[in-house]
Amino acid sequence: MNSQGAKPQSGSRLYVGGLSLTATQKDVEELFGQHGKITEVRMNRNFAFVQFSDDKEAAQAMDAISGQVHFGRKLGILFE
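In this note's numbering, the protein residues as written are 14 to 93.
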């Protein structure tokens, strides 16, 4: 638990669901890279795992992108 008593977020790795089958690793890196330094992207059909170097950057990316339409589909993002 953090100093405010809330459960801490689980780190700097995000699960990204709902990707278009046409989205490439470069597309994902460009979209999420706007919010911080990415250390790894792993893709598998219509989902990906995006690893940031910092959990604050991951949280910023999640807040900015989750629920928005990218690559023609609405993205769902969770902390991995």
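Using N, Cα and C, we set each Cβ at its ideal position, and we do this for glycine too.
Note that the structure is a prediction, hence the values are computed from the model and not measured.
For residue i, collect the residues of the same chain with a Cβ closer than 7 Å to its Cβ; drop the 5 residues on either side in sequence, then sort them by chain order.
i   : result
A61 : V29, L32, V41, V54 and R55
F84 : L32, S33, T35, A36 and D40
K48 : As written in the sequence, residue 48 is His, which differs from the Lys given in the question. Same-chain partners within the cutoff: E70, Q73, A74 and A77.
Secondary structure at residue i, three-state DSSP: helix, strand or coil?
i   : result
Q64 : strand
G49 : coil
M14 : Any reading at M14 is ruled out, since the residue's pLDDT is 37, under 50, leaving its predicted position unreliable.
L88 : coil
L44 : helix
Taking 8 Å as the cut-off, is the C-beta of residue i nearer than that to any heavy atom in the ligand HEM?
i   : result
F84 : With respect to the ligand HEM, the structure offers nothing, as it holds no ligand at all.
Using a Cβ-Cβ cut-off of 6 Å (strictly less than) and excluding sequence neighbours within five positions of residue i, which residues of its own chain qualify?
i   : result
G89 : G30 and G31
Exposed or buried, residue i, counting other C-beta atoms within 10 Å across all chains shown (16 or more means buried)?
i   : result
G80 : exposed
S6  : Since the first residue of the chain shown is 14 and the last is 93, residue 6 is not available in this structure.
L4  : Coverage of the chain is limited to positions 14 through 93, which leaves residue 4 absent and any answer about it impossible.
V63 : buried
A74 : buried
D76 : exposed
Can you list, in chain order, the residues of its chain with a C-beta nearer than 8 Å to that of residue i? Leave out the 5 residues immediately preceding and following it.
i   : result
R26 : F62, V63, Q64, F65, A71, F92 and E93
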